[in-house]
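The sequence shown begins at 1 in full-length UniProt numbering and counts up by one.
Every residue gets a Cβ at the ideal spot worked out from N, C-alpha and C, and that includes glycine.
These numbers come from a predicted model, not from an experiment.
As structure tokens, the structure follows; a few thoughts come after it.
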Amino acid sequence: MCHIELTKGMSLWTNNKCSYPISVKSSVKPHVSNICYPILDSYRETIQEYFKPPLLDLTEIQNLDLPIIGYLEQGLMERDARKLRQHYLSSNKWRTDVLSLLPTDLAYLWWPPYQCSVKVPCPVIVRLNRLLRFPRMSQYFDKTETRTGYPNAFRICKVVLAILVLIHWNACFYFAISYVIGFGSDNWVYNLRGDKNSTLSRQYIYSFYWSTLTLTTIGETPQPENDAEYLFVVADFLAGVLIFATIVGNIGSMISNMNVARVDFQTRMDGVKQYMAFRRVSHELEARVIRWFAYTWANKQALDEDRVLSALPDKLKAEIAIHVHLETLRQVRIFQDCEPGLLEELVLKLRLQVFSPGDYICRKGDVGKEMYIVKRGRLIVVADDGRTVLATLGAGSVFGEVSVLDIAGNRTGNRRTANVRSLGYSDLFCLAKQDLWEALADYPEAKHSLMERGCQLLRKDGLLDEQAYKKAQAERESLTDKVERLEGTLDNLQTRFARLLAEYTSHQTKIKQRLTRVEHRSPQEDG
């Protein structure tokens, strides 16, 4: 295990040889190396003595992102080994993966990384095939952005990382060019003179600083003094203008998208304010409207759920609604023990309503057209004077469930029997009578069960007129029921007619037989 961990650590160090191509110490001749991890750098001689880079390349196989677990085919996870192999080899990924794992470190046997006399970054060049793994990182970012719950924050982090990588690479190029031209040969290249300038940290920090100033064009840098330096600076300026302008624009767009909900909400609120000012609405009512907007935004209810979920298929929207509201609907007494299909239909028809302090949800004597389920807040049942509090309803309370059934014989006439008012801001789920009956049209057995349950509740409170209920049931018999009853009557008549016809035929046959016997006896008696 120790061998594996040390090998992995050295692999991390050697994989980044293309990250910072040159490290120079004042005590030795400038040479090419790649040091991005100062901690590992202090132990590089000991580690390299035992684990050479060619051996380290063998450990890179573990990082090969082969689809060994499975891949999606028509939405299903495929795990068959033969199909996995065919799917992987049929793509172009295996080519880049193999090229990125070629043991190019074998070149170090001929050009040791710390004894290269040629003024080119030899170790970096032989390991450039590691950059072929860049598409893997892009693929990882795309998957993470799709799965994360904070996509905007992730996009900003990704852009910041891209900026840092670009500045880092440009710093490496600057240091490499300084090495090729000659350290301290002019004012533009990096100067190694002094103990501070010879340290690794100062080399990297200054190169990074120079790269930042050049690409962002926000500071002054030393003037180039030869053609190669001029060309490099011109390329940096062009890259900075094009790349960073695009990056800054993307960041601005992402920040705007993060606030799109707030901007939309503020626009709607400003429109309502302008309308109230134009219509000269009273200040008291205007203040209530503004407080309502503030409450909906604070409780994250300003979002239009129908518009947000409009992109989903009906099945997924139904599953989301069931997950959110099904347990709430099961709290209603008349819907307990109902078949799941009906509850799923009703869940899709629930609508959230927000009531302000002092708003009446219903008044005594109003025709009941909706039933309500309290999600959040407190309601009070008040007397006709509006002051005397008779009862208090909290979260989970249900009222109006019997009125939506429209049961004939209800002594209250399906009207509200109390005044219900919101004490503060209250969130209520509403189910309309029309929506309930539309759902019950496909569930006749559930409809009959709900009606019976509603009648039991009315009987319990002594509010059901049995005679009126039976009479209304007979009068409300639907055309389908009448046709079914008529068909049953016709079937009974046909059965009875067939039976009578059979009896008639049997009697007729018997009479004929008796007549025949009588006719045969008459001649014999005469003789």
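Review point. For THR148, which residues from the same chain have a beta carbon less than 6 Å from its beta carbon, with the 5 sequence-adjacent residues on both sides left out?
Key: PHE154
Point to revise | LEU309 and ILE322 closer than 8 Å at C-beta | key: no
Check your understanding: Is DSSP giving SER422 helix, strand or coil here?
Key -> strand
Review point. My guess is that VAL367 and LEU393 are in contact by the Cβ rule of under 8 Å, so how many angstroms apart are they, rounded?
Key: In this structure, VAL367 and LEU393 do not form a Cβ contact; the two beta carbons are roughly 21 Å apart against a cut-off of 8 Å.
**Study point:** Terminal residues of the beta strand (DSSP E) in which residue 528 lies
**Key:** The first residue shown for the chain is 1 and the last is 527, placing residue 528 beyond what the model contains.
Practice item. May I ask which residues mark the beginning and end of the alpha helix (DSSP H) holding LEU458? Key: Per DSSP, LEU458 belongs to the alpha helix (DSSP H) from 444-460.
Point to revise | Cβ neighbour criterion (16 or more within 10 Å) applied to VAL120 | key: Because the pLDDT of VAL120 is 45, which lies under 50, any placement of that residue in the model is unreliable, and the number read from its coordinates should be weighed accordingly. Looking at its Cβ environment, which holds fewer than 16 other Cβ atoms inside 10 Å, VAL120 is exposed.
Exercise for review: Tell me whether GLY424 is buried or exposed, calling it buried when 16 or more other Cβ atoms sit within 10 Å of its Cβ.
Suggested key: exposed
**Study point:** Assumed close pair LEU166, LEU215 - CB separation to whole angstroms, cut-off 8 Å
**Key:** That belief holds up - the Cβ atoms of LEU166 and LEU215 are roughly 7 Å apart, short of 8 Å.
Review point. Got a sec, what are the start and stop residues for the beta strand (DSSP E) PHE237 sits in?
Key: Careful: PHE237 lies outside any beta strand (DSSP E), inside the alpha helix (DSSP H) at 227-239.
Exercise for review: Count the other CB atoms, across all protein chains shown, that sit within 10 Å of the CB of ASP306; report buried if there are 16 or more and exposed otherwise.
Suggested key: The residue in question, ASP306, is exposed, as its Cβ has fewer than 16 Cβ neighbours within 10 Å.
Check your understanding: For ASN170 versus ASP236, is the C-beta distance shorter than 8 Å?
Key -> yes
Practice item. Identify, in the order they occur along the chain, each residue of the same chain with its Cβ nearer than 7 Å to the Cβ of SER100, setting aside the five sequence neighbours on each side. Key: Within the same chain, SER100 has close Cβ partners ASN129, ARG130, LEU132, ARG133.
Check your understanding: Span of the beta strand (DSSP E) holding GLU78?
Key -> 76-78
Review point. Below 8 Å, can you find three or more Cβ-Cβ pairs linking the region 452-472 to the region 350-360?
Key: no
Practice item. Leaving out five residues on either side along the sequence, give the residues of the same chain with a beta carbon under 8 Å from the beta carbon of LEU463. Key: ASN410, ARG411, THR412
Check your understanding: What is the residue span of the beta strand (DSSP E) that LYS433 lies within?
Key -> No beta strand (DSSP E) holds LYS433; the alpha helix (DSSP H) holding it covers 433-440.
Practice item. Indicate the three-state DSSP secondary structure (helix, strand or coil) for SER42 in the structure shown. Key: Annotation note: pLDDT 35 at SER42 (below 50); position unreliable, coordinate value reported separately. In this structure, SER42 counts as coil in the three-state DSSP scheme.
Check your understanding: Would you call the region 216-224 and the region 193-202 touching, i.e. three or more CB-CB distances under 8 Å?
Key -> no
Review point. From TYR275, ASN492, ILE251, pick the residue whose C-alpha is nearest to that of ILE163; which is it?
Key: Minimum Cα distance to ILE163 is reached at ILE251.
Exercise for review: Express the C-alpha separation of ASP97 and LEU89 in angstroms, rounding to a whole number.
Suggested key: 11 Å
Practice item. Tell me whether ILE251 sits in a helix, a strand or coil according to DSSP, three-state version. Key: helix
Review point. Does the Cβ of ARG416 have 16 or more other Cβ atoms within 10 Å, making it buried, or fewer, making it exposed?
Key: buried
**Study point:** Endpoints, alpha helix (DSSP H) assigned at LEU106
**Key:** Counting along the chain, LEU106 falls outside any alpha helix (DSSP H), and DSSP gives it neither H nor E.
Practice item. Would you tell me roughly how many angstroms separate the C-alpha atoms of PHE399 and VAL263, rounded to the nearest one? Key: 37 Å
Check your understanding: Mind checking TYR230: buried by the 16 CB within 10 Å criterion, or exposed?
Key -> exposed
Point to revise | Where the alpha helix (DSSP H) containing VAL263 begins and where it ends | key: Its alpha helix (DSSP H) spans residues 260-278.
Point to revise | Cα-Cα separation between SER397 and GLY271, rounded to whole angstroms | key: 35 Å
Practice item. Identify the continuous alpha helix (DSSP H) that holds CYS157 and give its terminal residues. Key: 151-181
Exercise for review: Whole angstroms is fine: what's the gap from THR46's alpha carbon to ALA176's?
Suggested key: In this prediction, THR46 has a pLDDT of 36, which is less than 50 and means its spatial position is unreliable; what the coordinates show is noted afterwards. Roughly 26 Å between the two C-alpha positions.
Review point. Is TYR275 near the ligand FMN, with its Cβ less than 7 Å from a heavy atom?
Key: Within the structure as shown, the ligand FMN is missing, as the structure has no ligands at all.
Point to revise | Start-to-end residues for the alpha helix (DSSP H) that takes in LYS317 | key: Unbroken alpha helix (DSSP H) run through LYS317: 314-329.
Point to revise | Span separating the alpha-carbon of ASP65 from that of ARG136 | key: For ASP65, the pLDDT reaches just 47, beneath the cut-off of 50, and the residue's location in the model is therefore unreliable, although a value from the coordinates is still provided. Each residue's Cα considered, the two are about 8 Å apart.
Point to revise | Per DSSP, cross-strand counterpart(s) of ASP427 | key: Paired residue(s): VAL354, ARG376.
Exercise for review: Inspect the CB distances between the region 376-396 and the region 334-341 and report whether three or more fall short of 8 Å.
Suggested key: no
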